[in-house]
Amino acid sequence: MEHLSEILKILDGALKANASMASNYAGLLADKLDSAGDAKHARMIRERLARAPSALLGAQDASRGISFGALPVDGESRLDTVDLSNPTVDSSSLLLPSAVDERIAEFLANIRYYDKLSKAGAALPNRLMAYGPPGTGKTKLARHIAAKLDIPLLTVRCDTLISSLLGQTSRNLRRVFEYAQQMPSVLFLDEFDALAGARGNERDVGELQRVVIALLQNIDALPESTILIAATNHDQLLDPAIWRRFSFRIPMPVPDTTLRMSLWHQFLGSFAPSSLDFPGLVDASDGVTGALIEQVCIDAKRVAVLEGENLVDEAQLFRRLGLALSLLQGVVLSTTQNEIHWLKAWAPKRFSLRALAKLYNMSNRSVTNILKEKKFSGQEKGQQSLITR
Ligand SMILES: Nc1ncnc2c1ncn2[C@@H]1O[C@H](COP(=O)(O)OP(=O)(O)OP(=O)(O)O)[C@@H](O)[C@H]1O
Ligand SMILES: [Mg+2]
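Using this note's numbering, the letters of the sequence shown map in sequence onto residues -3 to 385.
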């Protein structure tokens, strides 16, 4: 039967006396009928919806006709536990290895053709777990998926669900899951390990174990067609029982050479001079994430704009990258002298005396003096010698 998942959701809404859930899914059904060429039936549904008492439906999102009840709040702090947004496909695309891209395309196809696949017994639950180091694009992936599907994104920072009150965390969870079922949406559990890593962690006793159990129950009670995405930096902390419930597991890797090349190009855009040493940037940024490359590009572009230029300066760009790498290693470069030492040790050929003098607006002699001044140079003792953590 066509459109069974929408009909079941409308039925659920009616049985739970949840008018906004029923009407949201009826609206979605009308859209689907419209795009399948069945305008007559779509109109009949919309006419019915227009007759529904508006008080029952809560606030209306004018652009989409989707109604949202009040956002769930933490029972203790009364702060919202869900952030509702409508992401659009933005100009900077998500750049991922082709195998990962393919898995994401499969996930999107599983959602789009869920009914058809389900009829053939070939559908997987619409659940995706993105895991990888910080700054590799996990949050961006959730936004990207919601934008592609053109439905709202409900972001839950899992750490905000954790309450000090006994039983409150489980109640918070239940409210969030119930809220997400009211409308076609992507439920995105960010920082997922805050919840799902609890079982087996000696520090956390009964209450957190109950949270994991509550999480499992909520996931199991969710219709398989509901779209659920979770993101974590700590996949090794996740309970295997939770892990099993996500049919799509997407590793978000630190970008390789090819991806770094694309990231530098994407984030510099028209600010890249034609002679820019892209291979040099790619080499020097081995092991860093897309987030760091983006940050370095923004910094370099800001300097350019403030100086009235429309191209970034190559030396400035490498300097920014070098400084970002120093921070990553926990090195605090609090003075120009330290910066100069660091850069010279990091990339001696690129940061020649002349280049450093130009970059810092000093004479060659001053740079020479600075490099001599310190008892330890970065090269002699290794860069760790500059650590002032
Ligand atoms: N592969 C990538 N493609 C495009 N942009 C990327 C990529 N990786 C990171 N970025 C950029 O880095 C920024 C941070 O990414 P995001 O917040 O999605 O990372 P995250 O994996 O969720 O990090 P965290 O674990 O710290 O929450 C984004 O603004 C995005 O533009
Ligand atoms: Mg994130």
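The C-beta atom is built at its ideal place from N, Cα and C for all residues, glycine as well. As the structure is a prediction and not an experimental result, all values here were calculated from the model.
beta-carbon residue i near ligand 1 non-hydrogen atom, thresh 7 Å
| i | result |
| --- | --- |
| ASN334 | no |
| LEU92 | yes |
| ALA227 | yes |
| LEU317 | no |
| ALA101 | no |
| GLU2 | no |
| LEU259 | yes |
| PRO247 | no |
| GLU290 | yes |
| GLY286 | yes |
| GLY131 | yes |
| PRO83 | no |
| PRO275 | no |
Beta-carbon contacts of residue i that lie in its chain and below 7 Å, excluding the five residues immediately before and after
| i | result |
| --- | --- |
| LEU7 | none |
| PHE242 | ARG123, LEU124, MET125 and ALA226 |
| ARG350 | ASN360 |
| ARG206 | SER166 |
| GLN178 | ASN14, SER16, MET17, ASN20 and GLY65 |
| LEU234 | ASP189, ALA192, GLY193 and THR228 |
| THR253 | VAL278 |
| ASN106 | LEU113, ALA119, LEU120 and ASN122 |
| ASN214 | LEU169, ARG170 and PHE173 |
| ASN1 | A small correction: the amino acid at residue 1 is Ser; Asn does not occupy that position in the sequence shown. The residues are TYR110, ASP111 and SER221. |
Status (buried if at least 16 other CB within 10 Å, exposed otherwise) for residue i
| i | result |
| --- | --- |
| PRO129 | exposed |
| PRO219 | exposed |
| SER330 | exposed |
| ILE294 | exposed |
| SER181 | buried |
| PRO121 | buried |
| VAL308 | buried |
| PRO148 | buried |
| LEU11 | exposed |
| ALA142 | buried |
| ARG365 | The sequence shown places Asn at residue 365, rather than the Arg named in the question. Label assigned to ASN365: exposed. |
| VAL85 | exposed |
| LEU255 | buried |
| VAL301 | exposed |
| LYS134 | buried |
| SER281 | buried |
Distance cut-off 7 Å: residue i Cβ against heavy atoms of ligand 2
| i | result |
| --- | --- |
| THR135 | yes |
| ASP86 | no |
| ASP186 | yes |
Assigned secondary structure, residue i (DSSP; H/G/I helix, E/B strand, else coil)
| i | result |
| --- | --- |
| ILE366 | helix |
| ARG139 | helix |
| ARG346 | coil |
| ASP8 | helix |
| ALA210 | helix |
| MET358 | coil |
| PHE188 | coil |
| LEU67 | coil |
| LEU183 | strand |
| ALA387 | The shown model of the chain, from -3 to 385, leaves out residue 387, and the question about it has no answer. |
| ILE147 | coil |
| LEU29 | helix |
| LEU452 | Since the displayed the chain opens at -3 and closes at 385, residue 452 lies outside it and no answer follows. |
| MET(-3) | coil |
| VAL152 | strand |
| ILE383 | Residue confidence is low: ILE383 scores 38 on pLDDT, short of 50, so the model does not pin down where it sits. Its coordinate-derived value is still stated next. If DSSP states are grouped into helix, strand and coil, ILE383 belongs with coil. |
| GLY163 | coil |
| ASN14 | coil |
Short CB-CB distance (under 8 Å) between residue i and chain C
| i | result |
| --- | --- |
| ALA105 | Note that chain C does not occur in the displayed structure, where there is just one protein chain. |
Own chain residues within Cβ distance below 6 Å of residue i, not counting five before or after
| i | result |
| --- | --- |
| LEU388 | The question about residue 388 has no answer, for the chain in this structure spans -3 to 385. |
| PRO68 | THR77, VAL78, ARG171, VAL172 and TYR175 |
| ALA287 | GLY131 |
| GLY304 | none |
| SER322 | LEU329 and TRP338 |
| ILE158 | THR165 |
| CYS154 | LEU185, GLU187, PHE188, ALA190 and LEU191 |
| GLY9 | MET17 and ALA18 |
| PRO93 | none |
| ALA119 | TYR110 and LEU113 |
| PRO269 | LEU307 |
| LEU4 | none |
| GLN333 | ILE366 |
| ILE100 | none |
Residues near residue i in its chain [Cβ-Cβ closer than 8 Å; skip 5 each side]
| i | result |
| --- | --- |
| ALA353 | SER359, ASN360, SER362 and VAL363 |
| LEU29 | HIS(-1), ALA35, HIS37, ALA38 and ILE41 |
| LYS297 | LEU264, PHE267 and VAL308 |
| THR156 | ASP70, LEU75 and THR77 |
Going residue by residue through the region 238 to 304, where are the continuous beta strand (DSSP E) segments of at least 3 residues, counting only ones entirely within it? 244 to 247
Unbroken stretches of the alpha helix (DSSP H), 4 residues or longer, contained in the region 73 to 113: 94 to 108
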